[in-house]
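**Student:**
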Amino acid sequence: MALLTIRTAGDPVLKTVCAPVVKIDKRLRKLLDDMAETMYASDGVGIAAPQVGESIRVCVVDVDVKNHNARHDLINPVITYREGSVVDNEGCLSCPDLFGDVERAAKIRVEYISRFGKKKSLEAEGLLARCIQHELDHLDGKLFIDIAKNITKGRKNSEA
């Protein structure tokens, strides 16, 4: 595995709507593993392909910050259900040291393809739901700073 360079706000790849993945192969699985390693090394809980310069619909999330045993590799993810609303503080590996309050669905269901080509569905709430929604925004060319109610520097409650 290898650490990848995280692209930061201002990089055009972060404003690009990503293309769907059409082929799941060894190269894609290596990218997922490298993204996970990069996310863990950066103390993040989520990372999307455009954050490492790839304009494809792929993200990795793991909100178990201590044990790293709740990893989800999401290929071509689509949110099929949203419930409720909650505002919480977010940060982003692509926006170092910036934080802001973002309104997100409290509970979601996401359908995706696994790293082995299997169709999957995941119901999530709390930090996992927030993280998935944050990463899917990346796949649509949006950063949390585009939708945050406020932006502060140096305040950290959660990071995706």
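So in this note's numbering, the last spot in the sequence shown is 161, and the numbers never skip. Backbone N, C-alpha and C fix where the C-beta goes; we use that ideal spot for every residue, glycine too.
Among P97, G45, L140, which residue has its Cα nearest to the Cα of V22?
**Tutor:** Residue numbering aside, residue 22 sits at position 21 when the sequence shown is read from its first letter. Checked all of P97, G45, L140; the closest Cα to V22 is L140.
**Student:** In the DSSP assignment, find the unbroken alpha helix (DSSP H) run with R8 in it and report its ends.
**Tutor:** Translated into positions along the sequence shown, residue 8 becomes position 7. Run containing R8: none; DSSP gives neither H nor E here.
**Student:** By Cβ distance, which residues of its chain are closer than 7 angstroms to I152, with the 5 residues on each side in sequence left out?
**Tutor:** By one-based count along the sequence shown, residue 152 stands at place 151. Taken in chain order, the residues that qualify are L99, G101, I146.
**Student:** Since L128 and V61 should fall inside the 8 angstroms C-beta cutoff, what is the C-beta to C-beta distance between them, to a whole number of angstroms?
**Tutor:** The residue you call residue 128 lines up with position 127 of the sequence shown. The residue you call residue 61 lines up with position 60 of the sequence shown. Not a contact, Cβ separation roughly 15 angstroms.
**Student:** Sort A3, I133, R8 by Cα distance to L75 and report the nearest one.
**Tutor:** Mapped onto the sequence shown, residue 75 falls at position 74. Checked all of A3, I133, R8; the closest Cα to L75 is I133.
**Student:** Where does H73 sit, in a helix, a strand or coil, going by DSSP?
**Tutor:** Against the sequence shown, residue 73 aligns to sequence position 72. Residue state, collapsed to three classes: strand.
**Student:** Which partner residues of Y82 appear in the DSSP bridge assignment?
**Tutor:** Taking the first residue of the sequence shown as 1, we reach residue 82 at position 81. For Y82, which the question treats as bridged, DSSP gives the partners R110.
**Student:** Do D78 and R58 have their C-beta atoms closer together than 8 angstroms?
**Tutor:** Counting from 1 along the sequence shown, the entry for residue 78 is found at position 77. Counting from 1 along the sequence shown, the entry for residue 58 is found at position 57. Sequence check: residue 78 is Pro here, not Asp. Yes, the Cβ-Cβ distance between P78 and R58 is below 8 angstroms.
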